[in-house]
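Beneath this line is the structure, given in structure tokens, with notes to follow.
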Amino acid sequence: MMIRLYAIVVIGMMAAAVPAVAKEDKEGYETCILEHVPPSENAVATNLMTNACHRLFIDNFMLSDKDRAYFECQLQYLPVVKNDQAAFQVKATCNKRHRSLFN
């Protein structure tokens, strides 16, 4: 009986420590797509921006501040790229700037 009570208390404490589940923002996602994707002339950039919008507004559970800044960086710089190489360079630079362990 004492073990069960202890387990219930521990589980309750763990549940209280977990932040609230992030909520999907479908309207925010759609707005993100409409604001960032249309200027793009590159398929790789379009895919990266669509993924960034999805991570920021739909699949945002456990998204860290560094990850949020990384995806926002992509949305800021990818719309104007003209080729795949530039798209991958922007992605790498955003990753280095916002997710690096040395920042």
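Throughout the sequence shown, residue numbering follows this note's numbering, covering 45 to 147 in sequence.
C-beta atoms are modelled at their ideal positions from N, C-alpha and C, and glycine is treated no differently.
- Boundaries of the alpha helix (DSSP H) around E71: 70-80.
- Secondary structure note for L92: its alpha helix (DSSP H) is the uninterrupted segment 87-101.
- The stretch 111-131 and the stretch 86-99 touch, with three or more beta-carbon pairs separated by less than 8 Å.
- The Cβ neighbour count for L145, taken over all protein chains shown within 10 Å, is under 16; the residue is labelled exposed.
- Pairing R112 with V88, the inter-Cα distance amounts to about 20 Å.
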